[in-house]
Amino acid sequence: MQTPHCSFQRTIPVVTLLLFAMLVNPTAFAGQYDPLASNLSCKTSDEQFTYDGRTVPIRLYLPVSDEASPVVLLSHGLGGTRESCGYLGRHWASRGYAVIAMQHAGSDVEVIRSASLFRKFQVLKKAANATNAKARYADVKATIDFLETMNRSGERYAGKFDLSKIGMSGHSFGAITTQAVSGQNYSFQGQAHTDKRIDAAVALSPSPPSFGRGDDSFSKVAIPWMLMTGTKDDSPIGRGGDADSRRKVFEGLPSSGHFYELVLDEAEHAAFGDTGRLNARKRNPNHHKAIQSLSTAFWDTYLKQDVSAKEWLRSSDAKSCLEPGDQWQTK
């Protein structure tokens with residue numbers, strides 16, 4: 232007669248502990264956080280808009296969802312298109328983000344389309360100038376303005392975008408663009424290019440200024456940044472185009488608790504894109520896996536305020552997607 236009674240007494244503490252654990256950490260029993268899991272299907276569409284006589288082609292990667300999605304803007308590198316870094320656009324959209332990939336006239340593929348093979352390098356190097364940089368910064372602002380218009384009731388994308396949560400990302404010249412609109416400080420201009428509507432940023436192959444403010448260029452960055460580069464991330468075009476210089480950007484950021492840096496072992500400049508001289512056979516497949524994993528956890532942390540994502544990002548779990556030679560740090 233005592234056995235059922237004793238069994239019941241042992242069960243109560245176990246159930247109580249389980250309930251308490253679920254209240255403290257609701258995600259603990261819903262499976263581990265996985266930034267590579269694709270939760271939604273997505274659709275892709277191409278649009279373009281014009282402002283001040285300048286046309287901006289865009290590619291939209293939209294999650295199939297009835298809810299308004301946080302927005303991530305994507306800026307291509309020199310000579311790129313709105314299709315560049317599509318592996319990121321598709322993955323982020325599958326995670327519930329509306330990804331808007333911009334194409335920047337003057338520094339896109341059109342500048343080399345008619346150039347001979349021997350002149351392409353010269354044409355690209357010439358296009359990496361301050362005028363095209365400022366045009367890119369203006370494109371970002373205009374794109375957000377365009378999304379605000381299209382998000383209104385009765386418009387084509389009504390209710391699709393949660394514009395209270397905006398991320399900015401880009402590769403190479405796109406990283407320079409990203410830095411400028413999300414907090415970089417410039418000589419004689421300060422943070423004139425910063426758009427306060429941007430809440431977080433991911434820069435792939437970042438660059439320090441070639442002259443001017445030095446460490447002060449990044450000391451006033453207020454929003455979360457994630458920087459990604461490689462030990463062989465060299466480029467003969469543009470400012471700060473070598474692997475060692477790219478790391479100075481992270482060094483110049485304040486210690487605020489929401490800055491991150493990934494350095495991929497043996498990763499070249501093209502490793503962060505879809506194409507380039509690193510073809511599918513030569514590319515390290517884990518590089519894209521690491522880029523997708525860490526960037527997704529970053530967006531989930533700062534655009535969705537996902538507690539489980541933040542715990543993953545700030546713990547040793549973040550290194551689970553990396554290889555032994557990769558370097559990962561936060562401050």
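Quick note, the numbering used here runs 231 ahead of the 1-based positions in the sequence shown. Note that CB positions come from ideal geometry on N, CA and C, so glycine has one too. Since the model is a prediction, treat every value here as computed from it, not as a measurement.
Relative to residue 476, the option among 517, 403, 502 whose CA is nearest is 403.
Non-local beta-carbon contacts of residue 275 in its own chain, meaning distances under 6 Å to residues more than five positions away in sequence, involve 292 in chain order. Each of 389, 365, 464 was checked against the Cα of residue 420, and the nearest Cα belongs to 365. By the CB criterion at 8 Å, residue 309 and residue 389 fall outside the cutoff. DSSP, reduced to helix, strand and coil, places residue 401 within a strand of the structure shown.
In the DSSP assignment, residue 273 forms a beta bridge with 294. Residue state for residue 351 is assigned as helix, using DSSP reduced to three classes. In terms of Cβ geometry, residue 406 and residue 438 form a close pair [threshold 8 Å].
Annotation for residue 318: 505, 519, 523 place their beta carbon closer than 8 Å to its own, counting only its chain and skipping 5 residues before and after. In this structure, the beta-carbon distance from residue 313 to residue 289 falls below 8 Å. If you look at residue 435, you'll find it in the beta strand (DSSP E) that goes 431-435.
With respect to residue 462, residue 498 sits close: the two C-beta atoms are nearer than 8 Å. Its chain contains 292, 293, 294, 295, 321, 324, 325 as the residues whose beta carbon lies nearer than 7 Å to that of residue 273, once the 5 sequence neighbours on both sides are disregarded; these appear in chain order. Per DSSP, residue 490 is one residue of the beta strand (DSSP E) stretching across 490-499. If you look at residue 366, you'll find it in the alpha helix (DSSP H) that goes 361-381. At the C-beta level, residue 331 and residue 378 come within 8 Å of one another. By a beta-carbon distance limit of 8 Å, residue 283 does not contact residue 333. Their separation comes to about 15 Å.
Sixteen is the threshold: when 16 or more other Cβ atoms of the shown chains lie within 10 Å of the Cβ of residue 391, as they do, the residue is buried. Assignment of beta-bridge partners to residue 560 by DSSP yields 492. Burial check for residue 338: the Cβ neighbour count within 10 Å reaches 16 or more, so the residue is buried. About 13 Å separates the CB atoms of residue 408 and residue 414; that is not less than 8 Å, and the two are not in contact.
At a Cβ-Cβ threshold of 8 Å, residue 398 and residue 433 count as neighbours. According to the DSSP assignment, residue 479 belongs to the alpha helix (DSSP H) that extends over 479-483. The beta-bridge partner set that DSSP reports for residue 300 consists of 392. In this structure, residue 356 sits near residue 468, with a CB-CB distance shorter than 8 Å. Between residue 372 and residue 416, the beta carbon gap of about 18 Å keeps them out of contact (Cβ cut-off 8 Å). Taken atom to atom, the span from the alpha-carbon of residue 300 to that of residue 494 is near 30 Å.
In this structure, residue 529 and residue 484 do not form a Cβ contact; the two beta carbons are roughly 14 Å apart against a cut-off of 8 Å. Going by C-alpha positions, residue 456 is about 25 Å away from residue 263. Bounds of the beta strand (DSSP E) holding residue 330 are 329-333.
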